[in-house]
Amino acid sequence: QGQKWPCLFYFPGALMHGSTAARPLLHPIRPPSLTIRLITMGIAQAPYIFIASGPGLRDNKGRGGQVEKGRAVRRLKHILCGLLMMVVPLASVQIARADADKIYKENNKAVVVVIALDESKKGVGQGSGFIVRPDGAIVTNYHVVGTASVIKVKLGDRLFDVLGLIYADIENDIAVLKIDASDLPTVKLGDPSKASVGEKVYVISSPQGFENTISEGILSGIRRIDDERKVLQITAAISPGSSGAPVFNSKGEAIGIATFLVAEAQNINFAMPVSLVKDKISGTQVVPPGEACAADFTKTAECWFYLGLAYGESAKYDKSIEAFTRAIKIKPDFSEAYYNLGVSYVSVGKLKEAREALEKAIQISPDSADAYTNLGAVYSRMGMHADAIRTLKKAIALNSDNAGAYYNLGINYVKMNEYKEARASFEQAIRLKPDFAAAYGSLGLTFAKMDQHTAAVDALKQSIRLQPGDPTAHYALGESYLALKDRASALEEYKVLQKLDAKLADKLFKQIYK
Numbered sequence: 007q008g009q010k011w012p013c014l015f016y017f018p019g020a021l022m023h024g025s026t027a028a029r030p031l032l033h034p035i036r037p038p039s040l041t042i043r044l045i046t047m048g049i050a051q052a053p054y055i056f057i058a059s060g061p062g063l064r065d066n067k068g069r070g071g072q073v074e075k076g077r078a079v080r081r082l083k084h085i086l087c088g089l090l091m092m093v094v095p096l097a098s099v100q101i102a103r104a105d106a107d108k109i110y111k112e113n114n115k116a117v118v119v120v121i122a123l124d125e126s127k128k129g130v131g132q133g134s135g136f137i138v139r140p141d142g143a144i145v146t147n148y149h150v151v152g153t154a155s156v157i158k159v160k161l162g163d164r165l166f167d168v169l170g171l172i173y174a175d176i177e178n179d180i181a182v183l184k185i186d187a188s189d190l191p192t193v194k195l196g197d198p199s200k201a202s203v204g205e206k207v208y209v210i211s212s213p214q215g216f217e218n219t220i221s222e223g224i225l226s227g228i229r230r231i232d233d234e235r236k237v238l239q240i241t242a243a244i245s246p247g248s249s250g251a252p253v254f255n256s257k258g259e260a261i262g263i264a265t266f267l268v269a270e271a272q273n274i275n276f277a278m279p280v281s282l283v284k285d286k287i288s289g290t291q292v293v294p295p296g297e298a299c300a301a302d303f304t305k306t307a308e309c310w311f312y313l314g315l316a317y318g319e320s321a322k323y324d325k326s327i328e329a330f331t332r333a334i335k336i337k338p339d340f341s342e343a344y345y346n347l348g349v350s351y352v353s354v355g356k357l358k359e360a361r362e363a364l365e366k367a368i369q370i371s372p373d374s375a376d377a378y379t380n381l382g383a384v385y386s387r388m389g390m391h392a393d394a395i396r397t398l399k400k401a402i403a404l405n406s407d408n409a410g411a412y413y414n415l416g417i418n419y420v421k422m423n424e425y426k427e428a429r430a431s432f433e434q435a436i437r438l439k440p441d442f443a444a445a446y447g448s449l450g451l452t453f454a455k456m457d458q459h460t461a462a463v464d465a466l467k468q469s470i471r472l473q474p475g476d477p478t479a480h481y482a483l484g485e486s487y488l489a490l491k492d493r494a495s496a497l498e499e500y501k502v503l504q505k506l507d508a509k510l511a512d513k514l515f516k517q518i519y520k
């Protein structure tokens, strides 16, 4: 049919279309679900791009007083609708503000400033923290106090000396401090496992040395670091001084500990789930700061790993490659770092390096369905379609609910002219993800290759319904109408294409009148 089949590469949440890459979102190894698949730190919904995407589908005048009356009524309706549209967002803003005010009033007095000093009492760091016990147990980030000899905590207008650390976890960047106090207000700890991507979150902190402020955002992702650890990605604005601050859900429960940000990307912030520290806050043994804080968090593999994630989310792939490489140098068996390094290499078109990194990730973690899925996509882009099919089948064996793997499998079967297998793969992708526009479009093109044009028309119509305005879908639909001798319908597709893609419109016009 003269149709070009650019390969669509599926990276859970990141799609590579032909030789042009849609901005990939870096994703975690074995993410818990398709809706939260952003490499190691935070999902977001995976965007699916149609195999050849483009724009979409884009009365009767009467006479006399009756018509004018109708127009007046319509104008009044439009005005009322406009007022309603203004009132509803305003109400939403007021509700959100009320939630933020309530959370701030209930928790502000339990959020502290943490000040780290060296032996000469010179400041070496400052962050935030939150009280979790009335007798003065305080959660913060390890990197805030990691090089301190002396630590102080400012609570309102009072300044406390930190007796020592109850708990320190450098890999997860968590520390629990102890001050000598009683009857202090505390923050209620929530359950991060019940958090959902897209829900509102709030951060109370002391950014850049100011007194406590509250910022609002959403939980944009839940990233898997390894089999036992996850990290939260949030959009709430935080800045230097916010490290160690509590991240609240809309119930006013702390579900995370704000832990990391990159100055160039303030909307890409990470928080460690409080579940990592819940059972550590009851300790009574205290280790003095000089003894407990002997390691520098910035020299850990995890620090560079988080940096890589943040740079990847900001599309700064050269920096993400450097950061993941440094993480691997410190921790050579860091499979998630290899995985994300591979995704970053794909984003800059370095397929050979991407292949090597993903193969290493699989060598370390052979049960990683996502690594197999992405490696299959890389093989496909390198023209190694038989290897891609073999690898994608392994991905599906590990995760049979992987719609993206089935979709990529179908694309590779098309490249091998195995249309029956391609059809089955696209149909399974649709069963798993009924709103998968790309799969409907590719299924329609596959039916056309098999000369099953009635079925092609149905599939292409579904694709256009789900993703309106794709010129390639309209062009393919026009071709199938011609194959069915339905010139009138083909002309309708030509009219649509005139507004979407002049070249495809001319091409279809020539076929209609040849």
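Take 7 as the starting number for the sequence shown in my numbering and just add one per residue. Just so you know, even glycine gets a beta-carbon here, dropped at the ideal spot from N, CA and C. From a predicted model like this one, the values you see are computed outputs, not experimental measurements.
{"query": "Measuring alpha carbon to alpha carbon, tell me which of I334, V150 and M456 ends up nearest D175.", "result": "V150"}
{"query": "Could you say which of R361, K491, V502 and Y317 lies nearest to Y519 if we only look at CA atoms?", "result": "K491"}
{"query": "Please report the straight-line C-alpha distance between Y345 and Y446, rounded to a whole angstrom.", "result": "29 Å"}
{"query": "In whole angstroms, give me the CA-to-CA distance for I263 and S248.", "result": "10 Å"}
{"query": "Taking all protein chains shown into account, decide if L506 is buried (16 or more other Cβ within 10 angstroms of its Cβ) or exposed.", "result": "buried"}
{"query": "Using alpha carbons as the reference points, say which of S212, D324 and D373 lies closest to V349.", "result": "D324"}
{"query": "How many whole angstroms separate the CB atoms of S386 and N414, which I take to be in contact at a CB cut-off of 8 Å?", "result": "7 Å"}
{"query": "Using alpha carbons as the reference points, say which of V120, A187 and E177 lies closest to S134.", "result": "V120"}
{"query": "Look at the alpha carbon of N405 and the alpha carbon of P372, and state the distance between them as a whole number of angstroms.", "result": "13 Å"}
{"query": "Any chance the region 397-404 sits against the region 366-383, with 3 or more Cβ pairs inside 8 Å?", "result": "yes"}
{"query": "Classify D324 as helix, strand or coil using the three-state DSSP reduction.", "result": "helix"}
{"query": "Measure the alpha-carbon distance for V502 versus K455 and round it to whole angstroms.", "result": "23 Å"}
{"query": "Which residues mark the beginning and the end of the alpha helix (DSSP H) in which T146 is found?", "result": "Unbroken run through T146 is the beta strand (DSSP E), A143 to T146; no alpha helix (DSSP H)."}
{"query": "Run through the DSSP bridge pairs and tell me what A174 is partnered with.", "result": "A181"}
{"query": "So what does V120 bridge to, in DSSP terms?", "result": "G133 and V159"}
{"query": "Helix, strand or coil, according to DSSP, for I287 in the structure here?", "result": "coil"}
{"query": "Which of the three DSSP states, helix, strand or coil, is assigned to I261?", "result": "strand"}
{"query": "Checking the sheet assignment: what are the DSSP bridge partners for E222?", "result": "Y208"}
{"query": "Can we say the region 250-258 touches the region 134-145, given the rule of at least three CB pairs closer than 8 Å?", "result": "yes"}
{"query": "With DSSP as the reference, label A50 as helix, strand or coil.", "result": "For A50, the pLDDT reaches just 25, beneath the cut-off of 50, and the residue's location in the model is therefore unreliable, leaving the point undetermined."}
{"query": "Select from D163, R361, M390 and V118 the residue whose C-alpha is nearest the C-alpha of A377.", "result": "R361"}
{"query": "Could you spell out where the beta strand (DSSP E) holding L238 opens and where it closes?", "result": "K236 to I240"}
{"query": "Quick one: residues in its chain with C-beta nearer than 7 Å to the C-beta of Y110, no 5 flanking neighbours on either side, listed in chain order?", "result": "I210 and I220"}
{"query": "Pick helix, strand or coil for D464, following the three-state DSSP scheme.", "result": "helix"}
{"query": "Does DSSP classify G389 as helix, strand or coil?", "result": "coil"}
{"query": "Just checking my contact of A260 with K335 at CB under 8 Å: how many whole Å lie between their CB atoms?", "result": "With a Cβ gap of about 34 Å, A260 and K335 do not count as contacting."}
{"query": "Going by DSSP, what residue range makes up the alpha helix (DSSP H) through V349?", "result": "S341 to S353"}
{"query": "Between the C-alpha atoms of A444 and S469, what's the straight-line distance to the nearest angstrom?", "result": "7 Å"}
{"query": "Between the C-alpha atoms of F442 and A435, what's the straight-line distance to the nearest angstrom?", "result": "8 Å"}
{"query": "Taking 8 Å as the limit between beta carbons, can you name the residues of its chain near L510, skipping five residues before and five after?", "result": "P477, T478, H480, Y481 and L503"}
{"query": "Have a look at A50 and S341 and give me their C-alpha separation to the nearest angstrom.", "result": "In this prediction, A50 has a pLDDT of 25, which is less than 50 and means its spatial position is unreliable; nothing more can be read from the coordinates."}
{"query": "Taking the beta carbon of E499 as the centre, do at least 16 other beta carbons fall within 10 Å, making it buried, or is it exposed?", "result": "buried"}
{"query": "Under DSSP, the alpha helix (DSSP H) around V420 begins and ends at which residues?", "result": "A409 to K421"}
{"query": "Does the count of Cβ pairs from the region 309-328 and the region 187-203 closer than 8 Å reach three?", "result": "no"}
{"query": "On the premise that A154 lies in contact with D124, defined as a C-beta separation below 8 Å, what is that separation, rounded to the nearest angstrom?", "result": "7 Å"}
{"query": "Which value, in whole angstroms, describes the spacing of the CA atoms of L190 and G258?", "result": "18 Å"}
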